[in-house]
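> Numbering (this note's numbering), first residue to last: 559 to 976. For every residue, glycine included, the Cβ atom is placed at its ideal position computed from N, Cα and C. Mind looking over this structure? Questions follow.
If you want it as structure tokens, here you go:
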């Protein structure tokens with residue numbers, strides 16, 4: 559039996575941006591994710607530095623991202639089908655335990671000085687399979703924990719988690735990796751999963767929706783999600799923009815090590831600060847968006863265009879302080895875009911299709927990284943890192959242009975039929 563979480567009295571204007579945290583289950587989930595994702599960013603920073611220690615080839619950095627996100631590209635859509643078929647609470651428990659085990663194995667290989675580049679590739683691939691199942695389930699599950707009136711705020715608070723962890727994680731890694739070593743950073747990530755697991759176990763599962771969905775053929779369910787996206791202009795616009803920005807812009811796991819290692823020539827602390835400034839701008843945007851009640855397509859398009867232009871500006875700088883400022887602005891524009899895009903999906907898509915549509919969104923957001931990662935790593939070997947980033951910024955801007963034309967065409971059709 560499922561029940562709807564009780565709605566407490568309305569929060570004050572100051573606390574309105576955190577209204578979803580009134581719900582105990584969501585609060586436990588939110589804080590657990592904050593700790594866990596901070597650990598994931600610690601590992602991501604340590605992993606990038608490890609790869610640069612094992613090899614100085616830019617392509618190797620791109621290949622790690624390719625292996626990590628290839629399963630997301632290939633199987634995330636099926637993960638969305640699973641998210642609409644199985645109890646999401648149990649699924650998240652399982653994926654978190656597996657991810658923690660992989661982090662322990664990774665840390666042990668480094669601590670014992672047995673790590674080789676092919677092992678990094680393999681572990682990245684296995685983590686990618688976990689993410690392909692985990693990410694669509696987590697996105698859909700978070701929305702289930704709150705009432706409909708708190709869903710826009712829950713999406714914005716999820717962005718705060720993602721970007722707050724992006725500040726704390728790289729900064730922690732930059733400070734601690736020198737005295738403690740890479741293996742300790744990986745063990746820290748493994749330990750961080752305990753916060754998520756404890757939060758899940760402390761939840762009142764009676765208040766979690768557990769809709770019984772009639773079993774259907776997997777391919778039929780997959781087609782339903784794709785067909786809904788195609789015939790819904792608001793959702794399709796999000797996917798068009800995300801296809802460009804996700805493939806060529808949101809490849810920070812590849813671009814940040816290349817910028818730090820081959821353009822700005824940073825040490826471990828400065829490299830951590832690059833990620834911290836990107837995350838700081840993202841967090842500022844997430845906090846601002848938490849107080850917004852509406853997210854228009856125009857705001858989403860403007861944010862995507864600003865992101866593309868800032869990425870181009872970053873490609874042209876070699877001065878570290880200016881790079882910090884551009885990364886802050888880039889993070890702000892990027893999260894303004896993704897928050898508007900994700901909120902549009904979570905509010906527009908019916909509950910029974912949310913997992914599948916969310917998986918398509920995540921496929922374009924992160925699953926396109928194998929394409930972008932190979933392109934960026936390979937192009938950087940040939941034309942250099944700055945020219946490669948400038949090329950990516952141009953492709954992002956081209957996608958924004960296509961999305962803008964599509965929106966205008968859709969509005970024209972709506973006016974013609976009214």
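Along the chain, where does the alpha helix (DSSP H) that runs through residue 742 open and close?
Counting from one through the chain shown, the residue named residue 742 turns up at place 184. First-last of the alpha helix (DSSP H) with residue 742: 740-759.
> So within the stretch 852-897, which uninterrupted beta strand (DSSP E) runs reach at least 3 residues, ignoring any that extend past its ends?
Runs of the beta strand (DSSP E) inside the stretch 852-897: none found.
> For the alpha helix (DSSP H) that contains residue 702, what are its first and last residues?
To locate residue 702, count along the chain shown from 1; it is residue 144. Unbroken alpha helix (DSSP H) run through residue 702: 675-702.
> Taking its Cβ as the centre, do 16 or more other Cβ atoms sit within 10 Å of residue 599, making it buried, or is it exposed?
To locate residue 599, count along the chain shown from 1; it is residue 41. The residue is buried, with at least 16 neighbouring Cβ atoms inside 10 Å.
> Determine the extent of the alpha helix (DSSP H) in which residue 582 is found, giving its start and end residues.
In the chain shown, residue 582 corresponds to position 24, counting from 1. That run of the alpha helix (DSSP H) goes 582-612.
> Counting only the same chain and skipping the five closest in sequence on each side, list residues whose C-beta sits under 7 Å from that of residue 682.
If you number the chain shown from 1, residue 682 lands on position 124. Here the set comprises 622, 625 and 626.
> How about residue 690 and residue 633: do their beta carbons lie closer than 7 Å?
Taking the chain shown and counting its residues from 1, one reaches residue 690 at position 132. Taking the chain shown and counting its residues from 1, one reaches residue 633 at position 75. Cβ atoms of residue 690 and residue 633: closer than 7 Å.
> Thinking residue 601 and residue 743 are a contact (beta carbons under 8 Å), I'd like their distance in whole angstroms, please.
Working through the chain shown from its first residue, we reach residue 601 at position 43. Working through the chain shown from its first residue, we reach residue 743 at position 185. The Cβ separation is near 6 Å, so the contact holds.
> In chain order, what residues of the same chain lie with their CB nearer than 6 Å to the CB of residue 579, ignoring the 5 residues before and after it?
Translated into positions along the chain shown, residue 579 becomes position 21. 585, listed in sequence order.
> Can you grab the Cα-Cα spacing for the pair residue 862 / residue 803, in whole Å?
By one-based count along the chain shown, residue 862 stands at place 304. By one-based count along the chain shown, residue 803 stands at place 245. Each residue's Cα considered, the two are about 7 Å apart.
> Any idea if residue 965 is buried or exposed, counting beta-carbon neighbours within 10 angstroms, 16 or more meaning buried?
As a working note, residue 965 is residue 407 in the chain shown. Counting Cβ neighbours within 10 Å, residue 965 comes out buried, since at least 16 surround it.
> Which ranges does the alpha helix (DSSP H) cover as unbroken runs of at least 4 residues, wholly within the stretch 900-944, from first to last along the chain?
The qualifying runs are 912-920 and 927-941.
> Below 8 Å, can you find three or more Cβ-Cβ pairs linking the stretch 940-957 to the stretch 865-875?
Verdict: yes, contact present.
> Roughly how many whole angstroms lie between the Cα atoms of residue 845 and residue 858?
On the chain shown, position 287 is the one that residue 845 refers to. On the chain shown, position 300 is the one that residue 858 refers to. Answer to the nearest angstrom: the Cα atoms are 16 Å apart.
> Return helix, strand or coil for residue 716, following the three-state DSSP convention.
Numbered from its first residue, the chain shown carries residue 716 at position 158. Three-state result, residue 716: helix.
> Rounding to the nearest angstrom, what Cα-Cα distance links residue 646 and residue 748 in this structure?
Locating residue 646 in the chain shown gives position 88, counting from the first residue. Locating residue 748 in the chain shown gives position 190, counting from the first residue. For residue 646 and residue 748, the distance between alpha carbons rounds to 22 Å.
> Return the CA-CA distance between residue 815 and residue 588, expressed in angstroms with no decimal places.
Within the chain shown, numbered from 1, the residue matching residue 815 stands at position 257. Within the chain shown, numbered from 1, the residue matching residue 588 stands at position 30. Spanning the two alpha carbons is a distance of roughly 29 Å.
> Based on Cα-Cα distance, which residue from 849, 657, 693 and 648 lies nearest to residue 745?
The sequence position of residue 745 within the chain shown is 187, counting from 1. Checked all of 849, 657, 693 and 648; the closest Cα to residue 745 is 657.
> In terms of residue numbering, what span does the alpha helix (DSSP H) encompassing residue 651 cover?
What you label residue 651 is simply residue 93 of the chain shown in a count that begins at 1. Per DSSP, residue 651 belongs to the alpha helix (DSSP H) from 646-669.
> Would DSSP call residue 967 helix, strand or coil?
Position 409 of the chain shown, counting from 1, holds the residue named residue 967. It is helical.
> Assuming residue 920 and residue 694 are in contact, meaning their beta carbons sit under 8 Å apart, how far apart are those beta carbons, in whole angstroms?
Working through the chain shown from its first residue, we reach residue 920 at position 362. Working through the chain shown from its first residue, we reach residue 694 at position 136. Right, the Cβ-Cβ distance comes to about 6 Å (below 8 Å), so this counts as a contact.
> If you reduce the DSSP assignment to three classes, tell me which class residue 766 lands in.
Locating residue 766 in the chain shown gives position 208, counting from the first residue. If DSSP states are grouped into helix, strand and coil, residue 766 belongs with coil.
> Identify which residue in 881, 596 and 949 has its Cα closest to the Cα of residue 817.
Numbered from its first residue, the chain shown carries residue 817 at position 259. Nearest C-alpha to residue 817: 881.
> So, do the stretch 697-716 and the stretch 818-828 have three or more beta carbon pairs nearer to each other than 8 Å?
Not touching, per the Cβ criterion.
> DSSP three-state label for residue 672, please.
Sequence index remark: in the chain shown, residue 672 carries index 114 (1-based). Correct three-state label for residue 672: coil.
> Here's the rule I'm using: 16 or more other beta-carbon atoms within 10 Å means buried, otherwise exposed. How should residue 728 be labelled?
As a position in the chain shown, residue 728 is number 170, starting the count at 1. So residue 728 counts as buried.
> Using DSSP with H/G/I as helix, E/B as strand and the rest coil, what is residue 822?
The residue you call residue 822 lines up with position 264 of the chain shown. Coil, per DSSP.
> When the Cα of residue 664 is compared with those of 679, 651, 639 and 652, which residue comes out closest?
Numbered from its first residue, the chain shown carries residue 664 at position 106. Minimum Cα distance to residue 664 is reached at 679.
> Could you round the C-beta distance between residue 520 and residue 836 to whole angstroms and report it? I think they count as a contact, below 8 Å.
The structure shown has nothing for residue 520, since the chain only spans 559 to 976.
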